[in-house]
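Asks:
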Amino acid sequence: MLGVWVVLTVVFLALQLLPGQPTRAGLDPKHGRAAQREQRRLLGLDRPLPARYASWLAGVARGDWGRSWSDGRPVRAQVAAQIQPTLELAVAALAVQYAVALPLAAAAVRRPRGPLDLSIRTGATLLYAAPGFWLGLLALRLLGLRLGWFPVAGLESLQPAAGVLAGVIDRLHHLLLPALLLGSASAAGLLRIARNQMLEISREPFVLAAQARGLSEGRVLGRHVLRRAAGPLVQLLGASLPWLFSATLVTEVVFSRPGAGRLAFQAFRARDQPVLLACTAVTALLAIFGRWLADLLHLKLDPRTRDD
Amino acid sequence: MTEPRRPSGVLAAPLLLAAVALAGPLLAPYPPEEQIDPAAGALLPPGSARDVALLADGRSFLVDDLASGDGAWTGRRLGRSLRLSAADVVGIDRRLFVLGTDRFGRDVHSRLLAGARPSLAIGGLAATLALVLGLVAALLTSAAGPTAVRLTRGITGGLLSIPRLFLLLGLAAALPLGPAGLTLTLALTSWMPTARLVGGELRTGERTDVALAARAAGASRARVVLLHLLPAALPAALTDAALRAGDFILLEAALSFLGAGIQPPHPSWGSMVAESTDVLATAWWLSLFPGLALLAAVATVSFWADRLRDHLDVRAS
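Protein chains in written order, with the numbering used here: chain A, 9 to 316; chain B, 11 to 327.
1. Please confirm whether residue 182 (chain B) and residue 76 (chain B) have their CB atoms less than 8 Å apart.
2. Express the C-alpha separation of residue 202 (chain B) and residue 209 (chain A) in angstroms, rounding to a whole number.
3. Please report the straight-line C-alpha distance between residue 168 (chain A) and residue 286 (chain A), rounded to a whole angstrom.
4. When the Cα of residue 292 (chain B) is compared with those of B:93, B:110, B:106, B:41, which residue comes out closest?
5. Just the chain B side, please: which residues come within less than 7 Å of residue 296 (chain A) by C-beta, in chain order?
6. Tell me whether residue 158 (chain A) sits in a helix, a strand or coil according to DSSP, three-state version.
7. Show which residues of chain A have a CB atom less than 7 Å away from the CB atom of residue 165 (chain B).
8. Could you tell me whether the segment 40 to 59 of chain B touches the segment 104 to 118 of chain B, where touching means 3 or more Cβ pairs closer than 8 Å?
9. Ignore the nearest five residues each way along the sequence and tell me which others in residue 123 (chain B)'s own chain have a CB closer than 7 Å to its CB.
10. Check whether the Cβ atoms of residue 63 (chain B) and residue 99 (chain B) sit closer than 8 Å, and answer yes or no.
11. Please identify the residue among A:305, A:24, A:74, A:259 whose C-alpha is closest to the C-alpha of residue 95 (chain A).
12. Can you check whether the C-beta of residue 305 (chain A) is within less than 8 Å of a C-beta belonging to chain B?
13. For the alpha helix (DSSP H) containing residue 64 (chain A), list its first residue and its last residue.
14. Using a cut-off of 9 Å between C-beta atoms, extract the partners of residue 281 (chain A) located in chain B.
15. Residue 21 (chain A) to residue 180 (chain B), Cα distance in whole Å?
16. Out of B:198, B:261, B:97, B:70, state which residue places its alpha-carbon closest to the alpha-carbon of residue 139 (chain B).
17. Does DSSP put residue 114 (chain B) in a helix, a strand or coil?
18. Given 8 Å as the limit, is there contact between the segment 139 to 151 of chain A and the segment 253 to 272 of chain A, that is, 3 or more CB pairs closer than that?
19. Is there a Cβ from chain B that is less than 8 Å from the Cβ of residue 151 (chain A)?
20. Within the same chain, show all residues whose beta-carbon is closer than 6 Å to that of residue 245 (chain A), passing over the 5 residues directly before and after it, in chain order.
21. Going by the beta-carbon positions, is the gap between residue 82 (chain B) and residue 72 (chain B) smaller than 8 Å?
22. Determine the burial state of residue 157 (chain A): buried for a count of at least 16 other Cβ atoms within 10 Å of its Cβ, exposed for fewer.
23. Per DSSP, what kind of secondary structure is residue 2 (chain A) in: helix, strand or coil?
24. Leaving out five residues on either side along the sequence, give the residues of the same chain with a beta carbon under 8 Å from the beta carbon of residue 177 (chain A).
25. By DSSP, does residue 79 (chain B) sit in helix, in strand, or in coil?
26. Let's test the definition: count the other Cβ atoms within 10 Å of the Cβ of residue 310 (chain B) and tell me whether it reaches 16, buried, or not, exposed.
27. With a cut-off of 8 Å on the beta carbons, I'd call residue 169 (chain B) and residue 14 (chain A) a contact; round off their distance for me.
28. What are the start and end residues of the alpha helix (DSSP H) that includes residue 263 (chain A)?
29. Pull the bridge partners of residue 62 (chain B) from the DSSP assignment, please.
30. Just mark residue 226 (chain B) as buried or exposed, buried being the case when its beta carbon has 16 or more other beta carbons within 10 Å.
31. So which residues on chain B does residue 272 (chain A) lean against when the C-beta distance must stay under 7 Å?
32. With 9 Å as the C-beta to C-beta threshold (strictly closer), list the residues of the segment 40 to 56 of chain A near chain B in chain order.
33. Please list the partners that residue 260 (chain B) has in chain A, where partner means a Cβ-to-Cβ separation under 7 Å.
34. Expressed to the nearest angstrom, what Euclidean distance is found between the alpha-carbon atoms of residue 45 (chain A) and residue 153 (chain A)?
35. Pull out every residue of the segment 240 to 264 of chain A whose Cβ sits closer than 9 Å to any Cβ of chain B, in chain order.
36. Run down chain A in chain order and give the residues with a C-beta less than 8 Å from the C-beta of residue 256 (chain B).
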């Protein structure tokens, strides 16, 4: 609860305390001072900060996030419509991330500092170092525009697909390239951590004992090493969610994909403070919720941590 | 145990990047914002060379195969032959666009070199500043006692769950950030991991014999933290900061790409990639080179961070 309150307060204050001209939104600069004052009054900006904070917080508690400065529509409906596409992308990217990173990490620790380990680690570092928006644009150009394998924008095709199954396939087709890119970009960091962790575990006595019992390599890895690594990896997943949402924002912008990130980007361009505020707060709350779920799962996977 | 490497090797990568940031803009062959004849000079592919004819009325033309003969200069411009009377031409110059030109006819090579400074300096300085802020926060709370430590952990935990790019976009919307503001904002939104890491190290350190002995000898809490616990926590903090230093360069690039960082017409690698999106299908060189520059810089930092960790012998966590 402290986390939720800190998030809401910091996000609100960060966007309010700064100097600047929030009233520029939707106001022609040729209008005079009086018009600007009127605009401030209409947006409630003439009230003192604590009063604005209290009414905003009370509104948020009721589920009322205010109205957009650009079009006057309720912020809540706008943001709510964008959460599902963002979660779709984030979950798909997480699946790709773990599907890429864990097998490679397992392959790398078979011979630590061997040629395979070194090339996997070098590849991971290069992948981490490549800016996500740049990789996305290169992929768009090559696979979308040049080869035409993937659609270059949107959640689904403009013409509605015939039938439910075709609709789902069409949506997945639009999701695939962004999810692959976002997932493999995030795999780089996970790969590094998972490798070090598996390496440490594989040096523990119980792994040696399992090997001494004559268990196959796959069985030792699956039943003993991975099982021990699972708890911390799940916890890591929870902690990486804020980063993932930041990366989702970039991906949504590059692929012109509707979502909370692209909405925040559009609100930034329009200087639409209430929408930007809501997008930031909602993704932060989703990250807190995700971390809470991951911690619960961690407790279930690793009973030793239950005393904490 | 391998023999410890000399510290000079450990400093090589940051010094190299600092040198690139300092010298890059000075090495640019042409002014990075120079637009000669945008009509004929836009989107020239890498390796294009053109002659420049400066006219008396202040205009200048980019011309192919410029030659002089019987009182006039002749050449080709925009696919047509061009004839300029020798009296009008006040100067002749030549441009070699090694990495091509952008939509406004500006030299990509010069912009890449000029953009090195904001792209590298902002990230590097912000990473350093965040490290210092994190250390100070950890020291202050640790000296203030257990209640402050618990409170700080709760607050930093909340701050850490805000996606940074959303928050930074919000801040950039509220006030347009210059290079200094950008550095400060990046640092102010990124000090929490260091504070938590160092805070944890200090807490473990408090229970060691060294700390207990010093306390028993009458040393104050602050003195123990500063003289005994901080030096022990520094290697871990440095390694962690180095491992995350690349994040700052990438974050600045992402902000500039989104239009919330370095503002046009000033070049930065992120905004150069952003300017390429309209002509993505045709002008591959506009996005390729700034992206490669970012990749090279961040990879250098990462490989260096790995070496630093080996050097300081910090266990991976």
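Positions of the beta carbon are idealized from the N, C-alpha and C atoms, including for glycine. None of these values were measured; they are calculated from a predicted model.
Replies: Let me lay it out:
1. As a position in the second sequence, residue 182 (chain B) is number 172, starting the count at 1. As a position in the second sequence, residue 76 (chain B) is number 66, starting the count at 1. No, the Cβ-Cβ distance between residue 182 (chain B) and residue 76 (chain B) is not below 8 Å.
2. Walking along the first sequence from the start, residue 209 (chain A) turns up at place 201. Walking along the second sequence from the start, residue 202 (chain B) turns up at place 192. About 29 Å.
3. For this step, residue 168 (chain A) is matched to residue 160 along the first sequence. For this step, residue 286 (chain A) is matched to residue 278 along the first sequence. Whole-angstrom Cα-Cα distance: 31 Å.
4. Within the second sequence, the letter at position 282 stands for residue 292 (chain B). Of the listed residues, the one whose Cα sits closest to residue 292 (chain B) is B:110.
5. The residue you call residue 296 (chain A) lines up with position 288 of the first sequence. Residues of chain B passing the Cβ test: 171.
6. Position 150 of the first sequence, counting from 1, holds the residue named residue 158 (chain A). Reduced to three states, the DSSP call for residue 158 (chain A) is coil.
7. As a first step, residue 165 (chain B) is located in the second sequence; it is residue number 155 there, counting from the start. Within 7 Å Cβ-Cβ: 14.
8. yes
9. To locate residue 123 (chain B), count along the second sequence from 1; it is residue 113. 34, 35, 37, 38.
10. By one-based count along the second sequence, residue 63 (chain B) stands at place 53. By one-based count along the second sequence, residue 99 (chain B) stands at place 89. Cβ atoms of residue 63 (chain B) and residue 99 (chain B): closer than 8 Å.
11. Here residue 95 (chain A) corresponds to residue number 87 of the first sequence, with the count starting at 1. Of the candidates A:305, A:24, A:74, A:259, the one whose C-alpha sits nearest the C-alpha of residue 95 (chain A) is A:259.
12. Sequence index remark: in the first sequence, residue 305 (chain A) carries index 297 (1-based). Residue 305 (chain A) does not count as touching chain B.
13. The sequence position of residue 64 (chain A) within the first sequence is 56, counting from 1. Unbroken alpha helix (DSSP H) run through residue 64 (chain A): 57 to 70.
14. For the purposes of this step, residue 281 (chain A) is taken as residue 273 along the first sequence, with counting starting at 1. Residues of chain B passing the Cβ test: 180, 183, 184.
15. The residue you call residue 21 (chain A) lines up with position 13 of the first sequence. The residue you call residue 180 (chain B) lines up with position 170 of the second sequence. Residue 21 (chain A) and residue 180 (chain B): Cα-Cα distance of roughly 11 Å.
16. Taking the second sequence and counting its residues from 1, one reaches residue 139 (chain B) at position 129. Closest by alpha carbon: B:198.
17. Here residue 114 (chain B) refers to the residue found at position 104 of the second sequence. Residue 114 (chain B): coil per DSSP, three-state reduction.
18. yes
19. Taking the first sequence and counting its residues from 1, the one referred to as residue 151 (chain A) is at position 143. Not closer than 8 Å to any Cβ of chain B, the Cβ of residue 151 (chain A) fails to qualify, so no.
20. The residue given as residue 245 (chain A) occupies position 237 in the first sequence. These residues qualify, in order along the chain: 302.
21. Looking up residue 82 (chain B) in the second sequence gives position 72. Looking up residue 72 (chain B) in the second sequence gives position 62. Result no, Cβ atoms of residue 82 (chain B) and residue 72 (chain B) do not sit closer than 8 Å.
22. The residue you call residue 157 (chain A) lines up with position 149 of the first sequence. Exposed: under 16 other Cβ atoms inside 10 Å.
23. Given a span of 9 to 316 for chain A in the structure shown, any question on residue 2 (chain A) remains unanswerable.
24. For the purposes of this step, residue 177 (chain A) is taken as the residue at position 169 of the first sequence. These residues qualify, in order along the chain: 169.
25. Residue mapping note: residue 79 (chain B) aligns to position 69 of the second sequence, counting from 1. Residue 79 (chain B) falls in the strand class under three-state DSSP.
26. By one-based count along the second sequence, residue 310 (chain B) stands at place 300. Burial call: buried.
27. Taking the first residue of the second sequence as position 1, residue 169 (chain B) is located at position 159. Taking the first residue of the first sequence as position 1, residue 14 (chain A) is located at position 6. That belief holds up - the Cβ atoms of residue 169 (chain B) and residue 14 (chain A) are roughly 6 Å apart, short of 8 Å.
28. Your numbering for residue 263 (chain A) matches position 255 in the first sequence. Premise fails: residue 263 (chain A) is in no alpha helix (DSSP H) and is neither H nor E.
29. Counting from one through the second sequence, the residue named residue 62 (chain B) turns up at place 52. Looking at the DSSP assignment, residue 62 (chain B) forms a beta bridge with B:72, B:103.
30. Working through the second sequence from its first residue, we reach residue 226 (chain B) at position 216. Burial call: exposed.
31. What you label residue 272 (chain A) is simply residue 264 of the first sequence in a count that begins at 1. Those are 176, 179, listed as they occur along chain B.
32. none
33. For the purposes of this step, residue 260 (chain B) is taken as residue 250 along the second sequence, with counting starting at 1. Correct list: 139.
34. As a first step, residue 45 (chain A) is located in the first sequence; it is residue number 37 there, counting from the start. As a first step, residue 153 (chain A) is located in the first sequence; it is residue number 145 there, counting from the start. Near 49 Å, if we compare the C-alpha coordinates of residue 153 (chain A) and residue 45 (chain A).
35. 247, 249, 250, 251, 252, 253, 254, 255, 256, 257, 258, 261, 262
36. The residue you call residue 256 (chain B) lines up with position 246 of the second sequence. Here the neighbours are 136, 137.
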